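A.B. asks:
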Amino acid sequence: MKSFLPNLLMIAVFICSCVKDKKNSLSQLPPPKWIAHALGAYNGANYLNCKECFDSNYAKGFRYFEMDFLMSSDGSMVGMHDGQEKEFGLPKDFTLEMFKKASLQGTTPVDDELLSNLMNEKKDWFLITDIKDENFRGLKRLCDVLLKKDIDCKTRVIPQFYSKEDLEILKTIAFERSIFTLYRFGDKPQEVKELIDANPTLWGITIPLVWWKPEYFEAIKAGKRYGFVHTINDRPAAESLFASGADGIYTDNLFY
Numbered sequence: 338m339k340s341f342l343p344n345l346l347m348i349a350v351f352i353c354s355c356v357k358d359k360k361n362s363l364s365q366l367p368p369p370k371w372i373a374h375a376l377g378a379y380n381g382a383n384y385l386n387c388k389e390c391f392d393s394n395y396a397k398g399f400r401y402f403e404m405d406f407l408m409s410s411d412g413s414m415v416g417m418h419d420g421q422e423k424e425f426g427l428p429k430d431f432t433l434e435m436f437k438k439a440s441l442q443g444t445t446p447v448d449d450e451l452l453s454n455l456m457n458e459k460k461d462w463f464l465i466t467d468i469k470d471e472n473f474r475g476l477k478r479l480c481d482v483l484l485k486k487d488i489d490c491k492t493r494v495i496p497q498f499y500s501k502e503d504l505e506i507l508k509t510i511a512f513e514r515s516i517f518t519l520y521r522f523g524d525k526p527q528e529v530k531e532l533i534d535a536n537p538t539l540w541g542i543t544i545p546l547v548w549w550k551p552e553y554f555e556a557i558k559a560g561k562r563y564g565f566v567h568t569i570n571d572r573p574a575a576e577s578l579f580a581s582g583a584d585g586i587y588t589d590n591l592f593y
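Per the working numbering: the sequence shown = residues 338 to 593.
Dropping the structure here:
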């Protein structure tokens, strides 16, 4: 019996290392150079968050998609930027069925069920969420819907957080990658440095173009995180940002 112990120990160590490697593999992936903003532009229009946006930009090569979300009055997550209800022809308290019958410029609206189908059909892309209100409730709803398709939201979804309080969500849902975005937090380089130091699980920091400066680059690199800038649709501006140290950009149409 004793002769088997070394082999058993070796097997146990191997299994543990495999589990650890799987857990850490996503955080070790290179950062995306291009993130499709609002699922990317379609027919020259932005902020559509539509199925056609996803299909056309996936075909271009995008594999990271940022999507705006609102919650319907009956608790579903739908692709819509805040304040767009009027453009959709919807009231503020719209239901899921009302949303599914609406459209922007003749495109197909995306609710959480359709989103789960898109994630199930193509398994090599990642969703970055933009949920401005009730972030935890919205993320939990998305995770519940994705789970029905055996999709692990902790690996396929990268939530954006807007405040220090938002980071508490990670204690309940242990997303492997998460982003702290500054457009609601403010232009506060020193506070961002402190936030990076205090939150080792944060994967990236997203900064509006007008705020990108060396102080952010230095804090992000010192903390071994990734820095993203939004929203860039001009190639010279993109090249300038990459040269200055940005890892990736949110864009409606750039991909090269």
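Even glycine gets a Cβ: it sits at the ideal position worked out from N, Cα and C.
Bear in mind the structure is a predicted one, so any value in this text is a computation, not a measurement.
With three or more C-beta pairs closer than 8 Å as the rule, is the segment 362-382 touching the segment 433-452?
C.D. replies: Touching, yes.
A.B. asks: For H374, which of helix, strand or coil comes out of DSSP?
C.D. replies: On the sequence shown, residue 374 is found 37 positions in, with the first residue counted as 1. In this structure, H374 counts as helix in the three-state DSSP scheme.
A.B. asks: Count the CB pairs spanning the segment 478-489 and the segment 417-430 that are closer than 8 Å, and state whether there are at least three.
C.D. replies: These segments do not touch.
A.B. asks: What are the residues that DSSP puts in a beta bridge with G564?
C.D. replies: Taking the first residue of the sequence shown as position 1, residue 564 is located at position 227. Answer by DSSP bridge pairing, in chain order: I542.
A.B. asks: The beta strand (DSSP E) that contains D449, what's its start and end?
C.D. replies: The count along the sequence shown starts at 1 and reaches residue 449 at position 112. First-last for D449: D449 to E458, but that is the alpha helix (DSSP H), not the beta strand (DSSP E).
A.B. asks: Exposed or buried, which one is V356 when buried takes at least 16 other CB atoms within 10 Å?
C.D. replies: Here the question's residue 356 lines up with position 19 in the sequence shown. With a pLDDT of only 40 at V356, under the threshold of 50, the placement of this residue in the model should not be trusted, and no figure is reported.
A.B. asks: Please state if the CB of K437 and the CB of Y446 are separated by a distance shorter than 8 Å.
C.D. replies: Residue numbering aside, residue 446 sits at position 109 when the sequence shown is read from its first letter. Residue numbering aside, residue 437 sits at position 100 when the sequence shown is read from its first letter. Here residue 446 is Pro; the residue named in the question, Tyr, does not match the sequence. The answer is yes: Cβ separation under 8 Å.
A.B. asks: Any idea what DSSP makes of L433, helix, strand or coil?
C.D. replies: As a first step, residue 433 must be located in the sequence shown, where it is residue number 96. Reduced to three states, the DSSP call for L433 is helix.
A.B. asks: For a test of the three-state rule: what should DSSP assign to P573, helix, strand or coil?
C.D. replies: Numbered from 1 along the sequence shown, position 236 holds the residue referred to as residue 573. Helix, per DSSP.
A.B. asks: Between which residues of its own chain and S500 is the CB-CB distance below 6 Å, once the five residues before and five after are set aside?
C.D. replies: Locating residue 500 in the sequence shown gives position 163, where the first residue counts as 1. Correct list: empty, nothing qualifies.
A.B. asks: State the Cα-Cα distance for the pair Y520 and K397, rounded to the nearest angstrom.
C.D. replies: As a working note, residue 520 is residue 183 in the sequence shown. As a working note, residue 397 is residue 60 in the sequence shown. For Y520 and K397, the distance between alpha carbons rounds to 28 Å.
A.B. asks: Helix, strand or coil, according to DSSP, for F406 in the structure here?
C.D. replies: By one-based count along the sequence shown, residue 406 stands at place 69. If DSSP states are grouped into helix, strand and coil, F406 belongs with the strands.
A.B. asks: In or out: S340 buried (at least 16 other Cβ within 10 Å) or exposed?
C.D. replies: Walking along the sequence shown from the start, residue 340 turns up at place 3. Per-residue confidence for S340 stands at a pLDDT of 49, beneath the threshold of 50, marking its modelled position as unreliable; no derived number is given.
A.B. asks: Just checking, does the segment 563-575 make contact with the segment 486-498 on the three C-beta pairs under 8 Å criterion?
C.D. replies: No, the segment 563-575 is not in contact with the segment 486-498.
A.B. asks: Got a sec, what are the start and stop residues for the beta strand (DSSP E) F463 sits in?
C.D. replies: Locating residue 463 in the sequence shown gives position 126, counting from the first residue. Where F463 is concerned, the enclosing beta strand (DSSP E) stretches over F463 to I468.
A.B. asks: Just to confirm, are I506 and F463 a CB contact at a threshold of 8 Å?
C.D. replies: On the sequence shown, residue 506 is found 169 positions in, with the first residue counted as 1. On the sequence shown, residue 463 is found 126 positions in, with the first residue counted as 1. No. Outside cutoff.
A.B. asks: Taking all protein chains shown into account, decide if N629 is buried (16 or more other Cβ within 10 angstroms of its Cβ) or exposed.
C.D. replies: This structure cannot settle anything about residue 629, because the visible part of the chain is limited to 338 through 593.
A.B. asks: Could you check the C-alpha separation between A575 and G585 for me, to the nearest Å?
C.D. replies: Along the sequence shown, read from residue 1 onward, the residue named residue 575 stands at position 238. Along the sequence shown, read from residue 1 onward, the residue named residue 585 stands at position 248. Distance between the alpha carbons of A575 and G585: 9 Å.
A.B. asks: Specify the secondary structure class of I488 as computed by DSSP and reduced to three states.
C.D. replies: Within the sequence shown, the letter at position 151 stands for residue 488. I488: coil per DSSP, three-state reduction.
A.B. asks: Could you check if E502 is buried or exposed, using at least 16 other CB atoms within 10 Å of its CB as the buried criterion?
C.D. replies: Taking the sequence shown and counting its residues from 1, the one referred to as residue 502 is at position 165. Counting Cβ neighbours within 10 Å, E502 comes out exposed, since fewer than 16 surround it.
A.B. asks: Would you kindly work out how many angstroms separate the C-alpha atoms of P551 and L455, rounded to a whole number?
C.D. replies: Residue 551 sits at position 214 when you count from the first residue of the sequence shown. Residue 455 sits at position 118 when you count from the first residue of the sequence shown. Each residue's Cα considered, the two are about 38 Å apart.
A.B. asks: If you follow the beta strand (DSSP E) that Y587 is in, where does it begin and where does it stop?
C.D. replies: As a first step, residue 587 must be located in the sequence shown, where it is residue number 250. Per DSSP, Y587 belongs to the beta strand (DSSP E) from G585 to T588.
A.B. asks: Where T538 and H374 are concerned, what is the direct C-alpha to C-alpha distance, given to the nearest angstrom?
C.D. replies: Translated into the one-based positions of the sequence shown, residue 538 becomes position 201. Translated into the one-based positions of the sequence shown, residue 374 becomes position 37. Going from the Cα of T538 to the Cα of H374 covers about 24 Å.
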